[in-house]
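J.: Each step along the sequence shown adds one to the number in full-length UniProt numbering, with nothing skipped, and position 157 is 157.
So that we are looking at the same thing, I have put the structure below in structure tokens.
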Amino acid sequence: MKLSTHNELVLQIAKRNIYSRYKGSTLGVFWSLLNPLFLLAVYTLVFGFAFKTKWGGGSLASYPVILFSGLIFHFFIIELLMTSSQLVSGNANYVKKVVFPLEVLVISNFLAQLFNLMIGAVLLLIAVLFSGESLVRAILAMALVLPPFIILTLGLSYVFSALGTYIRDISHIVNLASTMLLFISPILFPLSVFPEIIKAIVYLNPISLIIIDFRAIAFNIETFSLLSYAIYFVIAITLFVLGRWMFKRLSRGFADVV
1 MKLSTHNELV
11 LQIAKRNIYS
21 RYKGSTLGVF
31 WSLLNPLFLL
41 AVYTLVFGFA
51 FKTKWGGGSL
61 ASYPVILFSG
71 LIFHFFIIEL
81 LMTSSQLVSG
91 NANYVKKVVF
101 PLEVLVISNF
111 LAQLFNLMIG
121 AVLLLIAVLF
131 SGESLVRAIL
141 AMALVLPPFI
151 ILTLGLSYVF
161 SALGTYIRDI
171 SHIVNLASTM
181 LLFISPILFP
191 LSVFPEIIKA
201 IVYLNPISLI
211 IIDFRAIAFN
221 IETFSLLSYA
231 IYFVIAITLF
241 VLGRWMFKRL
251 SRGFADVV
């Protein structure tokens with residue numbers, strides 16, 4: 001399927017997904033900010049003040065800003081995988097009753113979730129500005145880390161959309177794994193606090209390198225590795241290609257299981 005021929009359909013469904021999520025609520029789209037901001041306040045109180053977690057030597061960035069720079073990526077990927085795993089089964093009418101390009105559902109859902117990530121990114125840049133850090137460096141960091149991250153997470157969306165149609169437990173697994181993925185990542189703590197054997201596991205988290213690279217460029221903490229970034233980019237493209245192929249291959253049987 002050539003997605004370029006369905007651009008209008010993709011955008012319409014993405015808008016519908018965003019609208020339906022906040023339809024009838026008083027605060028509307030601001031709910032996409034309240035949840036991460038609430039958890040940011042809790043984590044800052046517990047880890048920043050109680051446990052006195054610190055980053056980098058002499059960094060001017062405050063702990064809440066550094067923490068939020070990791071949380072926005074974590075919330076995005078968890079929400080994306082949750083919605084992707086239920087995507088096809090939740091739209092059975094498209095699968096069974098009409099001739100419909102099912103790949104449009106994946107892209108539309110991804111754009112709807114990306115909308116929330118962009119809101120978080122704008123809020124983060126505003127926080128960076130008020131924290132005294134360089135806004136230019138933060139924008140550069142965001143521009144650098146987002147392309148491979150978007151490609152990789154879109155690939156994961158294809159994979160989870162396909163597998164979630166056949167294995168309904170995947171959404172529950174993602175829900176259980178969300179807390180584990182939060183702690184097995186450099187979000188709440190610097191990478192340096194993890195033992196070497198755990199660091200290898202931390203790097204398996206798809207958001208770990210992105211967070212490290214963003215903080216390395218924006219806040220001059222952690223270490224940016226061009227080689228690691230290039231490898232991540234290659235893995236992202238590979239996963240996207242394989243994920244899209246898997247979705248197309250497995251979509252032939254979607255009508256039989258939804």
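From the three backbone atoms N, C-alpha and C, an ideal C-beta is built for every residue, glycine too.
Fair warning: this is a prediction, and the values are worked out from it, not measured in the lab.
#1: Does SER192 have its Cβ less than 7 Å from a Cβ in chain C?
#2: May I ask which residues mark the beginning and end of the alpha helix (DSSP H) holding ASN220?
#3: Going by alpha carbons, who is nearest to GLU79 out of GLY155, LEU114, ILE197?
#4: So the candidates are VAL122, VAL202, LEU154; which of them puts its Cα closest to the Cα of ALA143?
#5: In this structure, does DSSP put SER134 in helix, strand or coil?
#6: For SER251, tell me which candidate among PHE183, TYR203, THR165, ILE221 has the shortest Cα-Cα distance.
#7: Give, in chain order, every unbroken run of the alpha helix (DSSP H) that is at least 4 residues long and sits entirely within the stretch 95-167.
#8: Unbroken alpha helix (DSSP H) runs of length 4 or more, entirely within the stretch 176-254: which are they?
#9: PHE247: buried (16+ other C-beta within 10 angstroms of its C-beta) or exposed?
#10: From MET118 to LEU129, what does the alpha carbon distance come to, in whole angstroms?
#11: Rank VAL10, ALA230, GLU8 by C-alpha distance to the C-alpha of PRO148 and give the top, closest one.
#12: With H, G and I counted as helix, E and B as strand and the rest as coil, what does DSSP make of ILE18?
#13: Out of VAL193, GLU196, PRO195, PRO186, state which residue places its alpha-carbon closest to the alpha-carbon of ILE210.
#14: DSSP three-state label for ALA256, please.
#15: Would TYR94 and LEU67 be called neighbours here (beta carbons separated by less than 7 Å)?
T.: In brief:
#1: In the structure shown, chain C does not exist; there is a single protein chain.
#2: Numbered from 1 along the sequence shown, position 220 holds the residue referred to as residue 220. Where ASN220 is concerned, there is no enclosing alpha helix (DSSP H), given that its DSSP letter is neither H nor E.
#3: The residue labelled residue 79 in the question sits at position 79 within the sequence shown. Of the candidates GLY155, LEU114, ILE197, the residue whose Cα lies closest to the Cα of GLU79 is LEU114.
#4: As a working mapping, residue 143 is identified with position 143 in the sequence shown. Nearest to ALA143 by C-alpha distance, out of VAL122, VAL202, LEU154, is VAL122.
#5: Counted from its first residue, the sequence shown places residue 134 at position 134. Coil.
#6: For the purposes of this step, residue 251 is identified with residue 251 of the sequence shown, where counting begins at 1. Each of PHE183, TYR203, THR165, ILE221 was checked against the Cα of SER251, and the nearest Cα belongs to THR165.
#7: Listed in chain order, the complete alpha helix (DSSP H) runs (minimum 4 residues) inside the stretch 95-167 are 103-131, 135-166.
#8: Every unbroken stretch of the alpha helix (DSSP H) spanning 4 or more residues and falling wholly within the stretch 176-254 is given here in chain order: 196-202, 208-218, 226-250.
#9: Against the sequence shown, residue 247 aligns to sequence position 247. Here PHE247 is buried: its Cβ has 16 or more other Cβ atoms, across all protein chains shown, within 10 Å.
#10: In the sequence shown, counting from the first residue as 1, residue 118 sits at position 118. In the sequence shown, counting from the first residue as 1, residue 129 sits at position 129. Per the coordinates, the alpha-carbon of MET118 lies some 17 Å from the alpha-carbon of LEU129.
#11: Within the sequence shown, numbered from 1, the residue matching residue 148 stands at position 148. Closest by C-alpha distance to PRO148, out of VAL10, ALA230, GLU8, is ALA230.
#12: The residue labelled residue 18 in the question sits at position 18 within the sequence shown. If DSSP states are grouped into helix, strand and coil, ILE18 belongs with the helices.
#13: The sequence position of residue 210 within the sequence shown is 210, counting from 1. Of VAL193, GLU196, PRO195, PRO186, the residue nearest in Cα terms is PRO186.
#14: Your numbering for residue 256 matches position 256 in the sequence shown. The sequence shown places Asp at residue 256, rather than the Ala named in the question. In the structure shown, ASP256 sits in a helix (DSSP, three-state: H, G or I).
#15: The sequence position of residue 94 within the sequence shown is 94, counting from 1. The sequence position of residue 67 within the sequence shown is 67, counting from 1. Taking a C-beta distance under 7 Å as the contact criterion, TYR94 and LEU67 do not qualify as a contact pair.
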